[in-house]
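Numbering (this note's numbering), first residue to last: 732 to 983.
This is the structure we're talking about:
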């Protein structure tokens, strides 16, 4: 293992938490605005500093990010972005790769990370407990409320990081799609390729690399029949799988 990769990993973590420490005053200002119901100030802070933090994080890790298909993002109204999930890097990739950062349906463990959890609160993230059915239903309800008030949202419907062969996609859980169906918001599939090779494939030591985030055409959920709603998770999964296959062939 090269000492340079270890040093890069250390630098990335120092940056990740050092940036948040430097912005502690901004974080407190955002929290006060959120508690006061001043969503405009919160959104301004999030839109300015979260992408900046993510870009710096990716730069420290040596990531070259290629984003394609931003023209497929609906120009107005809330949307639900649905991505495949292979790496811890998927969250910062989505936060910087879309039109702007959006709330995320995240695992409950992230709620216990100092500072990060507080920024996620400003972002409008919702936490889900995988083994708690009642808690999971409440999380979906909370996320639906976010979309219902006109704010876009991001979900990884596999529910956990996919550990199968590169280029594959796990099963998409139907529950997460209720967030879009309930509000009639369009679903925007997002294919993330190359993220696992940055970190997980090297025993959690960062290696530089190229990641492609491909935003696919939106799928309208308003007016869907019950059968179309039932088929939606698999239809989105197949769209993302097809995009990943095309990317793999392009690389070859």
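Even glycine gets a Cβ: it sits at the ideal position worked out from N, Cα and C.
Keep in mind it's a predicted model, so treat the numbers as computed, not measured.
Measure the C-alpha to C-alpha separation of residue i and residue j and round it to an integer number of angstroms.
i, j, result
"residue 836", "residue 885", "6 angstroms"
"residue 731", "residue 762", "The structure shown does not extend to residue 731, since the chain is modelled only from 732 through 983, so no value can be given for it."
"residue 956", "residue 892", "30 angstroms"
"residue 951", "residue 887", "18 angstroms"
"residue 869", "residue 860", "10 angstroms"
"residue 929", "residue 937", "6 angstroms"
"residue 844", "residue 758", "15 angstroms"
"residue 798", "residue 785", "14 angstroms"
"residue 872", "residue 917", "17 angstroms"
"residue 904", "residue 733", "39 angstroms"
"residue 984", "residue 802", "Not covered by the structure: residue 984. The range shown for the chain is 732 to 983."
"residue 958", "residue 949", "19 angstroms"
In this structure, does DSSP put residue i in helix, strand or coil?
i, result
"residue 1002", "The structure shown does not extend to residue 1002, since the chain spans only 732 to 983, so no value can be given for it."
"residue 936", "coil"
"residue 838", "strand"
"residue 982", "Reliability fails at residue 982, whose pLDDT of 49 lies under 50, so the model's placement of it is uncertain and the value that follows must be treated cautiously. Residue 982 falls in the helix class under three-state DSSP."
"residue 817", "coil"
"residue 804", "coil"
"residue 943", "strand"
"residue 885", "strand"
"residue 897", "coil"
"residue 902", "coil"
"residue 956", "coil"
"residue 928", "helix"
"residue 968", "helix"
"residue 920", "strand"
"residue 962", "helix"
"residue 869", "helix"
Give the C-beta separation of residue i and residue j to the nearest angstrom, bearing in mind that I take them to be a contact with Cβ-Cβ under 8 angstroms.
i, j, result
"residue 919", "residue 813", "7 angstroms"
"residue 824", "residue 926", "6 angstroms"
"residue 947", "residue 922", "7 angstroms"
"residue 746", "residue 788", "6 angstroms"
"residue 931", "residue 818", "6 angstroms"
Once the 5 residues before and after residue i are set aside, which same chain residues still bring their CB inside 8 angstroms of it?
i, result
"residue 760", "772, 776"
"residue 900", "815, 889, 893, 968, 971, 972, 975"
"residue 882", "809, 833, 834, 855"
"residue 842", "848, 851, 858"
"residue 875", "909, 910, 913, 914"
"residue 675", "In this structure the chain extends from 732 to 983, so residue 675 is not present and cannot be described."
Which same chain residues, not among the five before or five after residue i, have their C-beta less than 7 angstroms away from its C-beta?
i, result
"residue 960", "912"
"residue 953", "915"
"residue 800", "945, 946, 947"
Touch check for the region 766-779 and the region 903-917: three-plus C-beta pairs under 8 angstroms?
no
Mind the definition here: the region 861-871 touches the region 780-794 only if three or more C-beta pairs lie below 8 angstroms; say whether that holds.
no
Whether or not the region 939-950 and the region 840-852 are in contact is what I'm after, with contact meaning three or more pairs of Cβ atoms, one per stretch, closer than 8 angstroms; do they touch?
no
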